[in-house]
């Protein structure tokens, strides 16, 4: 039986249950997605986009899937402090495995501005049908990735954020994805974020894993940024070695919008981050960045595709990897500039440090340019810490391990500088430091947190 | 030298288009179109080959049958009917002309017209030429002079007869028969090509050169070049190609294998000017070439290419840096215009310790052409202290063409330092106006700026080739300035 | 030599020149001064046919020919030379190659044969003397890696090579130390004759100590608002532009 078959059968048997536990647009898109998935299957290493990550075999083990939307008996709010960025607003939402948790609210949460909707996507699909129908599946529609079809086939719920025209969110929203279960668990979750014209918002989208089980998360997040709107998206991962985290972000940028995506992978098992951004209007700006600090047998694969369909837009892309142990890093970045997208400016940079003999780095910084009046540069490097710099620090009395650590901090600093929320920046810096000091264990269980491990 | 060089560049250029598009009317010996085991036996028989070579061919053919044409992203390779192609065509002449008197005067005229001197009195002093038309080697010059140094320079057919042990030892050792679709095809049906052997410690006293010419209609050209540079030897090898302008596509699938032994150095330069098709994209040569060299300890292999011709170019001259301290280099200028597609780059495979590689690629696209750099740098776990630097620049002339960069870096060693940089740009309005203000016309300004842009690569070519290459760039880009 | 009548010009739809009137006779040196953003550099670009600018009205008569709409290379070949404020870098194109192309295009325009290589190189050597440029220049790429002073000397060297009838020096003094300024100005003065004319565009008086103008104009808000003898430059040096602005804006 192929890997796909068990899921095809599962859907056939439970299509009704899945529909019953979901709503509106999610159900409308399901059947077509299932047919696409049945045809395409999961991507394999033969696909150019998945050369270095065998995602199909990640789906092979026998995971539990919560098709019946059974309650997980946890109240995440009881330990919200562990996942909330210290000092930051307490407007925090939880998705437990793949279910939006709405039995309780964070006590004394900061009020939402008028018209802002933050809730379960399932609920929104029913109660704000027009908004969800207008956007759901639209940003991901050109994806050829079978795991996206898989998500659309099985997703019942997730997070929904809507910021109406001109409304500026006064604080960042935190969305915490919590993997917790008493069996091996596959979570299929779907988020939809709509930032209307002239609105502003920031979202911290973090994922943590509790318990001693294998987890596989397959999340799709669609983001629409309207004309002149501003949006920042921080994806933070602090999970464990038996976590497989497959994340897809699809983003549509309208005229004059300004977006930032920063993916911070600090502790993980196998992570695949897909980001696809489409410029749909002129003069928009995208900052796309991320870092991965890997050791042990961690595997972090980032695949970004930025399509400049319209002229006058800017992309600044920067990804950095620090690889130790037997870890593997992969970076594939494509920037496409269409024929009509004159005056595009795009810079793509991927820099990597290998600290150990067995670490592996694969990088593919690709440019596809069909317009002539553009400035497009890319650069990629794989190397080590600079010995002259280490020596310079040592000559000032700094011991070698400290010198190396300082240089590693310096190496990832420019990605940290792209964290525009000071509280988050501090929290990440602290975690990075603990990671470099070897204080975060990949085998650590049940104490996942944003501020640090228990140690 | 720089000034002298420049003088030639500034020579006024006639408004010429592809000037090698003529055909030669000459009696040709064909094998009928189509490919099967019998065709291969026939080719082998015509060439009077030993059994081991026939077996080599048949084995390759059987592998090829199971393979598919590569389908890569951003490269539009048309399906070809391999049964409609003739796999052997030879200008009829007495076997192995001993002197020039025995060479058909039409052939001499052809090469003369192409500017390839194979008559002794016209020969370049510092160059030996192997002239190949369609499937066979027509004439190799300067053989005797080279023989005095112990250097073997002859057609590969001759080498099979006269130096079977050398050929048997090295043929297919760097590019195995089943390496890829086109390599397998070539291994099955290759007709001729050049063979070079430089003995231990010998510096080849002159440039060696092959000149390839497709003439016959509907005929594939499948040449095979094998170069063996023994320990501490040196050779610089040049290759040039042209074909007549025909409305039909012409297939060219070649293999170049180079073995660079300990402390030896090989420079391989190509000026590829196959017929690119007409302005509407009709006709032209499909150029599918596998070029690879194996470097032993302290060896150095340097590829330099100027690619201006062919409707489709598919080639990735590569270096397998097996020996410790070996060095691989790749310098490339690829110019595409009208409907041409160029997909070219290199592979640098670092296996030995302290190996170095340098990649410099300059793509220039005009018209409705697509120009891609596709390259791989791999550092294996054993290759301690490997270093690579790659610079891949693209220049766009006009807004209907594409310039793409597809590097792959696979790093399996923590002592490696690998750097890749790429830029895409166009000629700035400011640069054009500056030239205009000094009285320089748009066409001349474009050709000046493009030549300047490609200079780093052109400078790596031997003198005679450099000038030719610069002229080619200018011709390839005639009348593109109005677009830009 | 040059007569500009009611010249209006735009860039990106914004009007910068709003009716320039200017007459330069053979052998004269004119200085055009004015505060930042008054349109000085636009004027030099427009005269030399820079396609970035659009002439909406007016005429530029150069030796009897209206050169409005003429291609920049033909304007150059007619004998107008611009020493750029910011000379552009052209990587990989050697100076000798660049100049040889330019000189021969000028010759072709006049119906002359190209200059043989040896004569051309001799000419280069001679002309380099004017601005004390060193011999390595010939093999370097156009302006690439040149210091500010070298770039400006290189401009004057090109002027010497092309022997223009009208030279426009756009802020040639900017970024120069006093020694470089002297070298550049000496070069210009040596090239001066009763048959050629010069327009010096500058913000400051100091270049005019070396290249003495016959007539000084003040450009402000796209118009020439004042014309006088060389004493005007000294007055501007002393009092700045405010009094002129007041005079004009007050009207």
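Protein chains in written order, with my numbering: chain A, 2 to 456; chain B, -17 to 466; chain C, 5 to 255. Glycine included, every Cβ here is placed at the ideal spot set by N, Cα and C.
Comparing alpha-carbon positions, the option among B:361, B:356, B:366, B:365 lying closest to residue 374 (chain B) turns out to be B:356. Per DSSP, the unbroken beta strand (DSSP E) holding residue 177 (chain B) starts and ends at 176 to 180. Rounded to whole angstroms, the Cβ separation of residue 286 (chain B) and residue 443 (chain B) is 6 Å, and the two are in contact under 8 Å. In the DSSP assignment, the residues bridged to residue 203 (chain B) are B:234. A distance of 9 Å or more separates the beta carbons of residue 342 (chain B) and residue 300 (chain B). Given a length threshold of 3 residues, each whole run of the beta strand (DSSP E) inside the region 173 to 210 of chain C is given here in chain order: 201 to 205.
Chain C has a Cβ within less than 9 Å of the Cβ of residue 413 (chain B).
Using a Cβ-Cβ cut-off of 9 Å, residue 420 (chain B) counts as an interface residue toward chain C, since at least one Cβ of chain C sits closer than that to its own. In this structure residue 25 (chain A) touches residue 133 (chain A) by the C-beta definition: roughly 6 Å separates them, less than 8 Å.
When secondary structure is reduced to three states using DSSP, residue 68 (chain B) falls in the strand class. Cβ neighbours of residue 158 (chain A) within its own chain (closer than 6 Å, five residues either side excluded): 100, 101, 121, 122, 123. Taking 9 Å as the CB threshold, residue 416 (chain B) lines the interface with chain C. Spatial neighbours of residue 177 (chain B) in its own chain (CB-CB distance under 6 Å, excluding positions within 5 residues in sequence) are listed in chain order as 136, 138, 141, 208. Excluding the 5 residues flanking it on each side, residue 83 (chain A) has same chain C-beta neighbours closer than 6 Å at 450, in chain order. Relative to residue 415 (chain B), the option among C:80, C:14, C:200 whose CA is nearest is C:80. Close to chain A, meaning a Cβ-Cβ distance shorter than 8 Å, are the following residues of the region 369 to 392 of chain B: 376, 378, 379, 380, 381, 382, 383, 384, 385, 386, 387, 388, 389, 390, 391, 392. With contact defined as three or more Cβ pairs closer than 8 Å, the region 399 to 409 of chain B and the region 378 to 387 of chain A are in contact.
Taken through DSSP and simplified to helix, strand or coil, residue 247 (chain C) comes out as helix. Using a Cβ distance threshold of 9 Å, residue 218 (chain B) and residue 243 (chain B) do not count as a contacting pair.
Of the other Cβ atoms in all chains shown, 16 or more fall within 10 Å of the Cβ of residue 426 (chain B); this residue is therefore buried.
By the CB criterion at 9 Å, residue 251 (chain A) and residue 156 (chain A) fall outside the cutoff.
Its Cα nearest to that of residue 143 (chain B), the residue B:33 stands out among B:33, B:289, B:246. Burial check for residue 37 (chain C): the Cβ neighbour count within 10 Å reaches 16 or more, so the residue is buried. Within chain B, the C-beta atoms nearer than 8 Å to that of residue 76 (chain C) come from 415, 418, 419, in chain order.
The bridge partners DSSP lists for residue 353 (chain B) are B:324, B:385. Counting every other CB atom within 10 Å of its CB across the protein chains shown gives residue 400 (chain A) a total below 16, marking it as exposed. Secondary structure of residue 397 (chain A) (DSSP, three-state): coil. Of the other Cβ atoms in all chains shown, fewer than 16 fall within 10 Å of the Cβ of residue 238 (chain C); this residue is therefore exposed. DSSP places residue 296 (chain B) inside the beta strand (DSSP E), whose first and last residues are 294 to 297.
Against chain B, the CB of residue 72 (chain C) has no partner CB under 9 Å away; the residue lies outside that interface.
Two segments are said to touch when three or more pairs of C-beta atoms, one from each, lie closer than 8 Å; by this definition the region 38 to 54 of chain C does not touch the region 132 to 148 of chain C.
Under a 10 Å Cβ-count criterion, residue 363 (chain A) is classified as buried, with 16 or more other Cβ atoms of the shown protein chains found around its own Cβ. By the rule that beta-carbons nearer than 9 Å mark a contact, residue 122 (chain B) does not touch chain A. Contact check for residue 436 (chain A) against residue 268 (chain A) passes: the beta carbons are separated by less than 9 Å. Taking C-beta atoms as the reference points, residue 333 (chain B) and residue 303 (chain B) count as a pair closer than 9 Å. Nearest C-alpha to residue 406 (chain B) among B:452, B:353, B:329, B:230: B:353.
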